[in-house]
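Undergrad: So for the sequence shown, full-length UniProt numbering puts the first residue at 1; every next one is plus one. Below is one structure. I have some questions about it.
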Amino acid sequence: MLTWTRRLFLTGVILSLLVTNLLTLTSVAFNAALSGVISTAAGVQTVADVMSQRLTGKDKVIKQQKSAAVKRTAAVRKFGTRLSVRTKRVATRSVAAIPAEAIPYLGIAALIGGTAYELYEACQSIKDLDELYGELGLDEAASEGAIAAACNPQLPNPTAVWESVKGNTDTWLESAAEQG
Numbered sequence: 001m002l003t004w005t006r007r008l009f010l011t012g013v014i015l016s017l018l019v020t021n022l023l024t025l026t027s028v029a030f031n032a033a034l035s036g037v038i039s040t041a042a043g044v045q046t047v048a049d050v051m052s053q054r055l056t057g058k059d060k061v062i063k064q065q066k067s068a069a070v071k072r073t074a075a076v077r078k079f080g081t082r083l084s085v086r087t088k089r090v091a092t093r094s095v096a097a098i099p100a101e102a103i104p105y106l107g108i109a110a111l112i113g114g115t116a117y118e119l120y121e122a123c124q125s126i127k128d129l130d131e132l133y134g135e136l137g138l139d140e141a142a143s144e145g146a147i148a149a150a151c152n153p154q155l156p157n158p159t160a161v162w163e164s165v166k167g168n169t170d171t172w173l174e175s176a177a178e179q180g
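This is how it looks when you write it as structure tokens:
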């Protein structure tokens, strides 16, 4: 009887070890529960504990990356929306200004006003681009030359421009008189 009891006990131990091995390899929940029992009872850090801590750390990094991606997407959308609205507005006003620019003398004022408006909108676009760079965390900034050209354009000397126009007109009149 003692032999049977011992055989039955050893068979039960071997079967339970086989079952726990199989469950440990195939069931995440059983593996976690068994690791928790072993680490609590023996005070040993198990592989499952280490992996859980690593995954928790990776989860934090992944959440931070997703948050940064959402912010970048929002910044790009905001810039794109502003740029498309501004471009439509400038194009509409440019087309609408064509008849006014055809009027003698007043057309010059309309042309200057339209150009000033387009420069203002170009300056706003560059400022929005600079803001986008900042929101994306890029070290680059909008080109100082581009900002200066759009936001603070250097106007030519009007006297020099007028002398150039007069010189070209005189040359054109002389060539027209020679041909005619």
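Every residue, glycine too, gets a C-beta built ideally from N, C-alpha and C. From a predicted model like this one, the values you see are computed outputs, not experimental measurements.
1. Tell me the DSSP secondary structure of L2 in three-state form.
2. Leaving out five residues on either side along the sequence, give the residues of the same chain with a beta carbon under 8 Å from the beta carbon of V90.
3. Keeping to the same chain, check which residues put their C-beta closer than 7 Å to that of S125; ignore five residues upstream and five downstream.
4. So, under 8 Å CB-CB, F79 and L138 are touching, yes? Tell me the CB distance rounded to an integer number of Å.
5. Under the three-state reduction of DSSP, which class applies to S27: helix, strand or coil?
6. So A100 and A110 are supposed to be a Cβ contact under 8 Å. How far apart are they, rounded?
7. Are there 16 or more other CB atoms within 10 angstroms of the CB of A74, so buried, or fewer, so exposed?
8. In angstroms, rounded to a whole number, what distance separates the CA positions of S35 and T46?
9. Taking the Cβ atom as the reference point for each residue, do T20 and F30 lie within a distance shorter than 9 Å?
10. So is A69 buried or exposed if we call it buried at 16+ other beta carbons inside 10 Å?
TA: Looking at the coordinates:
1. Taking the sequence shown and counting its residues from 1, the one referred to as residue 2 is at position 2. L2 falls in the helix class under three-state DSSP.
2. To locate residue 90, count along the sequence shown from 1; it is residue 90. So the list reads Y117, E118, E121, once near-sequence residues are dropped.
3. Against the sequence shown, residue 125 aligns to sequence position 125. These residues qualify, in order along the chain: L83, R86.
4. The residue given as residue 79 occupies position 79 in the sequence shown. The residue given as residue 138 occupies position 138 in the sequence shown. F79 to L138, Cβ: 13 Å. No contact.
5. Walking along the sequence shown from the start, residue 27 turns up at place 27. Residue state, collapsed to three classes: coil.
6. As a first step, residue 100 is located in the sequence shown; it is residue number 100 there, counting from the start. As a first step, residue 110 is located in the sequence shown; it is residue number 110 there, counting from the start. Correct: roughly 4 Å between the Cβ atoms.
7. By one-based count along the sequence shown, residue 74 stands at place 74. Flag for A74 reads exposed.
8. Sequence index remark: in the sequence shown, residue 35 carries index 35 (1-based). Sequence index remark: in the sequence shown, residue 46 carries index 46 (1-based). So the two alpha carbons sit approximately 6 Å from each other.
9. As a position in the sequence shown, residue 20 is number 20, starting the count at 1. As a position in the sequence shown, residue 30 is number 30, starting the count at 1. Yes, they are a contact pair.
10. The sequence position of residue 69 within the sequence shown is 69, counting from 1. Exposed, by the Cβ-count rule.
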